[in-house]
Amino acid sequence: MGEKKGVWAFSENMELLKELLACGSPLAAKLDTELSAVLLGGDMKEKANELIKHGADRVLIVDNPNLRAFHIETCLAALTKLAKEKNPQIILIGATKNGKDLASRLATRLQTGCTPDCSQLFVDEEGWLTTKRIVFSGNAIVTASYLKTPQIATIPSRTFEKLEPHERTGNAEKISMSLEEPKVKIMKIEKMEATDVKIEDAKIVICGGRGVEKKEDFSFFKELARTLQGQIGNTRPLAEDRKWFSSWVGLSGKKIKPALYIGCGISGMIQHVAGMRDSQVVVAINKDPEAAIFEVADYILVGDLYEILPAIVQELKKTLN
Ligand SMILES: Cc1cc2nc3c(=O)[nH]c(=O)nc-3n(C[C@H](O)[C@H](O)[C@H](O)COP(=O)(O)OP(=O)(O)OC[C@H]3O[C@@H](n4cnc5c(N)ncnc54)[C@H](O)[C@@H]3O)c2cc1C
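The following block contains the structure:
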């Protein structure tokens with residue numbers, strides 16, 4: 000593996016970058032090497048301190064005005080130059096839309112391999128990175144290793160829990176680099192209006208499936224969500240086929256990890272379960288006693304959701320009032 004040294008983590012999303020540090024920490028420990036976070040942009044001192052608290056031994060800060068906004072070609076040029084100069088062994092990249100784009104192009108520039116959307120990563124006895132990822136709609140797991148370094152992997156958000164922050168010492172290294180101006184000019188970035196807490200951040204999620212007959216019947220869900228201060232979720236067919244919602248929970252949708260998940264009229268197909276299996280407590284309501292969702296549930300309610308949901312709301316209101 001030559002003189003390659005160090006595990007790097009990069010994401011343009013700060014929270015995901017902290018998750019990557021949690022992923023990279025045991026890899027760096029096993030390789031007896033440093034864990035570095037890479038920051039691209041301008042004034043980054045505060046961010047660097049935060050990343051050190053979250054596990055980075057070193058923060059590499061590329062300071063260049065052309066990196067203030069995410070432009071794929073400038074970020075790619077910066078990471079390529081930096082990797083060629085410093086020779087990291089492993090580069091972990093957040094699997095955002097930008098991150099996936101970046102990782103595959105970086106692998107091409109560095110003439111190495113990239114494994115996308117990894118859910119487990121470890122170092123084998125010979126020091127090579129090994130990754131696992133779910134494929135074929137959740138029906139198979141691919142285990143892959145590398146033949147060349149740097150070994151690049153992308154990791155989706157919420158795959159790893161951030162480490163608890165604590166005061167640590169670490170180095171922030173500022174690197175000056177000349178970079179060409181981006182070829183695309185960003186005219187405006189407008190924040191979308193978001194009224195609710197994001198479902199990925201919700202502590203309680205009440206999820207509906209095809210067992211719900213009409214969109215209006217989500218009024219039961221809304222009432223329960225209001226009572227428990229939770230968020231409403233749904234399976235993919237309610238979004239894709241019935242067009243009631245624009246997103247869904249599952250392998251191809253949002254991954255959630257609430258303290259409480261209540262699934263109503265959901266069969267529990269693997270593609271849905273892949274997005275909610277990390278919920279702490281799972282309650283499932285289904286009229287089919289053989290429903291697969293019961294296999295991952297802590298509490299099973301066999302029956303009609305149209306009877307059970309209003310009864311739960313009524314009882315909760317009595318208890319909470
Ligand atoms: C490539 C691919 C990716 C996919 N990704 C996702 C994904 O990310 N997320 C996702 O959700 N799906 C995904 N799917 C779809 C997935 O395979 C299932 O089809 C889907 O999850 C099923 O949704 P459901 O449970 O709502 O519906 P169904 O499977 O039809 O289940 C409905 C359930 O409701 C119960 N029921 C009916 N009436 C009542 C009632 N009155 N009271 C109580 N229970 C009742 C039934 O017994 C049944 O178990 C994907 C599929 C593919 C091919």
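Going by numbering that gives the first Met the number 0, the first residue of the sequence shown is number 0, and it counts up by one from there.
All C-beta atoms, glycine included, are put in the ideal place defined by N, C-alpha and C.
Keep in mind it's a predicted model, so treat the numbers as computed, not measured.
query	result
Quick one: using the 10 Å Cβ neighbour count with 16 as the cut-off for buried, is Y298 buried or exposed?	exposed
Could you check if L34 is buried or exposed, using at least 16 other CB atoms within 10 Å of its CB as the buried criterion?	buried
Helix, strand or coil: how does DSSP classify I185 here?	coil
For the beta strand (DSSP E) containing V122, name the first residue and the last one.	Q119 to V122
Does the stretch 83–96 come within contact of the stretch 146–154, defined as at least 3 CB pairs closer than 8 Å?	yes
Rounded to the nearest angstrom, how far is the Cβ of I154 from that of L19, given a contact under 8 Å?	6 Å
Per DSSP, which one or two residues make a beta bridge with K253?	V248
Shorter than 7 Å, the distance from the beta carbon of D287 to the closest heavy atom of ligand 1, or not?	yes
For a test of your reading of the model: does the CB of G5 fall under 7 Å from any non-hydrogen atom of ligand 1? Yes or no.	no
State the start and end residues of the unbroken beta strand (DSSP E) segment that holds Q230.	Q230 to N233
Need the endpoints of the alpha helix (DSSP H) that K85 sits in, please.	I71 to K85
Given A330, which residues of its chain have a CB within under 8 Å of its CB, disregarding the five upstream and five downstream residues?	In the structure displayed, the chain extends from 0 to 320; residue 330 sits before or after that span and is not available.
Spatial neighbours of C113 within its chain, please: CB distance less than 6 Å, with the 5 preceding and 5 following residues excluded, ordered by chain position.	A102, S103, A106 and I151
Provide the residue(s) that pair with S144 in DSSP beta bridges, ordered along the chain.	T129
Quick one: is the Cβ of Q270 within less than 7 Å of any heavy atom of ligand 3?	Ligands in the displayed structure: ligand 1; ligand 3 is not one of them.
Assess, as a yes-or-no matter, whether the stretch 308–318 is touched by the stretch 218–231 under the definition of 3 or more beta carbon pairs within less than 8 Å.	yes
Considering R57, what are the terminal residues of the beta strand (DSSP E) in which it resides?	R57 to D62
Under 7 Å Cβ to Cβ from K80, same chain only, skipping five residues before and after it: list those, please.	M176
Using a 10 Å radius around the Cβ and a threshold of 16 neighbouring Cβ atoms, would you call I188 buried or exposed?	exposed
State yes or no: is the C-beta of K286 within less than 8 Å of the C-beta of G302?	yes
Quick check: what's the CA-CA separation for D56 versus T168?	7 Å
By a C-beta neighbour count over all protein chains shown, 10 Å radius and 16 as the cutoff for buried, is H53 buried or exposed?	buried
Determine, using beta carbons only, whether I60 and E172 come nearer to each other than 8 Å.	yes
What residue range is occupied by the uninterrupted alpha helix (DSSP H) comprising K24?	Going by the sequence as given, residue 24 is Ser instead of Lys. It spans M13 to L30 - the alpha helix (DSSP H) in which S24 sits, taken as one unbroken run.
Kindly examine ligand 1 and report whether one of its heavy atoms sits closer than 7 Å to the Cβ of T158.	no
Among the residues of its own chain, which have a CB less than 7 Å from the CB of K161, if the five just before and after it don't count?	K17, E18, A21 and H53
Do I265 and G208 have their C-beta atoms closer together than 8 Å?	yes
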